[in-house]
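Each remark here refers to the structure printed beneath this line.
Numbering (full-length UniProt numbering), first residue to last: 1 to 452.
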C-alpha cells in the first residue's frame with residue numbers, strides 16, 4: 001500500500017495517466033536560450049551549394065552520411081569551418097530578458113509588432129548559432145574513441161546532427177514574419193527528431209559495452225574508460241544547451257503563454273509543487289518494481305518560488321527520489337517498516353543559492369563506487385536494454401514510463417542540469433546507513449552556460 005506523506009498543499013496539476021508525461025509543464029520542456037543577437041559572432045550566410053542536390057531536390061529527406069553523397073567533402077569542409085567558430089554562451093537572465101523583448105533595438109519597428117520582432121531576433125540568432133554547435137558535435141562524434149563512433153546507435157545520432165545542420169544552413173534568413181514562421185516549422189521538426197538522442201546514445205554505449213565484454217571478458221572495467229566519459233559529459237552538456245535554445249524559442253510561439261511563464265521559464269517555480277509531482281511519479285515506479293515504497297516527508301521553505309526552468313528541477317528531483325526510494329526498498333525490504341525519505345528546502349533572503357537536501361537510510365554507497373556514480377558507463381542495476389525495455393528507443397528525456405534503474409545516466413545528467421546555469425549537485429554517503437544528496441540552485445543571475 002502506498003505511503004506518501006507530503007507536508008504541503010497538493011500540486012495544481014496531476015498526471016493525466018500513469019506512464020505519461022505530466023501535462024502541467026510546457027510541451028517542449030519534456031523533450032528539451034535565446035541570447036542577445038549582438039552578443040555572438042555573426043556567421044556567414046548559408047552556402048547554397050550545401051542546401052540542394054545537383055538536380056535541385058531538397059535534402060530534407062536525406063540522412064546523415066548519405067547527405068550530398070556526391071559532395072561529401074564540401075559538406076565536411078563546411079562543418080569544419082563552422083565548428084571552428086566560437087559558440088555564444090548565454091545565461092538564464094539573458095534568456096528571460098530576450099523572451100520579454102527587453103533586448104530589442106529601439107530602432108526596429110515598421111509593420112511588425114513587438115512580439116514578432118522578438119521572435120525574429122531569436123530566430124536570427126538561432127540560425128547563426130545552431131550550425132556552429134551542431135557542427136562541433138558532428139566532428140566530435142566522428143572522432144570518438146574505443147570504437148564508439150562505429151556503433152549503430154551512435155551513427156544514427158550523428159546522421160540526425162548532420163541532417164539538422166544542412167536543413168538550417170539551407171533555410172532562408174528569418175527577416176520577416178513569413179520567414180520566421182518557416183524557420184519555426186523547421187526547428188519544430190528538428191526538435192522532435194532529436195528527442196530520442198539521450199536514449200539512443202545510451203544504447204550506443206551499451207552496444208560498445210557488450211562488444212568490449214565479448215572481446216575482453218566480464219572483468220573489463222568499462223566504467224574506468226575516462227576518455228569516453230569525458231566526451232559524453234561534454235556531449236550531453238551541449239545537448240542541454242541546444243534543447244534550451246530551441247525549446248525556449250518554440251515555447252515563445254505558444255499563444256497564449258502559460259500563466260507565469262516566459263517560454264520555458266516559470267517566473268515562480270515552486271520546488272515544493274515540483275517535489276510533490278516527482279514523489280508521485282517516483283513512488284509509482286518503486287511500487288511497480290518492488291511492490292511498495294517508503295514514505296517521503298518534506299520540510300523547510302514550502303512557500304518558496306523563484307525563476308527557473310521547471311522541467312530541469314523535476315528531472316533532478318525525480319532522479320534523486322527514484323534512487324532513494326529504490327535504495328530504501330532494497331536495503332530494508334518491503335515487508336519491514338521502511339524509514340521515510342526526508343527532503344529539506346533551505347533558503348533565506350540573502351542566500352546565494354536555494355539548497356535542497358534529499359536524505360535516505362538506504363544503506364549508502366561503497367566508498368570505492370562514489371567516484372563512479374557520475375559516470376555514464378557505470379550502473380548498479382541491470383541494463384535496461386537487457387531487460388526488454390525497448391520503449392526507450394522512441395521516448396524523450398523526461399518521460400516517467402521507464403524502468404526504475406538501468407541506464408546509469410540519472411545522476412550525471414542531473415548534475416549537468418544543475419550545473420548548466422551555475423548550480424551544483426553533490427552526493428555524500430555513509431556505507432551501511434544512507435545517502436544525502438545536496439542540490440544547489442542559484443538565484444536568477446548572469447552566470448552563462450558552461451559550453452564544451
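Ideal Cβ positions, reconstructed from N, Cα and C, are used throughout, including at glycine.
The three-state reading of DSSP puts residue 359 in strand, counting E and B together. A Cβ-Cβ contact shorter than 9 Å links residue 300 with residue 347. The stretch 311-331 and the stretch 274-281 touch, with three or more beta-carbon pairs separated by less than 8 Å. DSSP places residue 320 in the helix class (H, G or I) of the three-state scheme. Minimum Cα-Cα distance from residue 142 among the listed residues 154, 243, 247 corresponds to 154. From the listed residues 98, 213, 442, 360, the smallest Cα separation to residue 352 is found for 442. For residue 424, the enclosing beta strand (DSSP E) starts and ends at 424-430.
With fewer than 16 neighbouring CB atoms inside 10 Å of its own CB, residue 213 falls in the exposed class.
Around the Cβ of residue 248, a 10 Å sphere holds 16 or more other Cβ atoms; the residue is buried. Less than 9 Å separates the beta-carbon of residue 198 from that of residue 413.
Excluding five sequence positions before and after residue 328, the CB atoms of its chain that fall closer than 6 Å to its own CB belong to 294, 338, 360, 362, given in chain order. Burial of residue 282 is indicated by the presence of at least 16 other C-beta atoms within 10 angstroms of its C-beta.
Excluding the 5 residues flanking it on each side, residue 180 has same chain C-beta neighbours closer than 8 Å at 116, 119, 120, 123, 174, in chain order. Looking only at 246, 284, 205, the smallest Cα-Cα distance to residue 323 is reached by 284. The distance from the Cβ of residue 447 to that of residue 91 is about 6 Å, consistent with a contact at the 8 Å cut-off. In the structure shown, residue 351 falls within a coil segment according to DSSP collapsed to helix, strand and coil. Judged by beta-carbon spacing, residue 246 lies within the 9 Å limit of residue 126, meaning their Cβ atoms are closer than that value. Spatial neighbours of residue 334 in its own chain (CB-CB distance under 6 Å, excluding positions within 5 residues in sequence) are listed in chain order as 290, 291, 292. With at least 16 other beta carbons inside 10 angstroms of its own, residue 163 counts as buried.
For residue 195, the secondary structure class from DSSP, reduced to helix, strand or coil, is coil.
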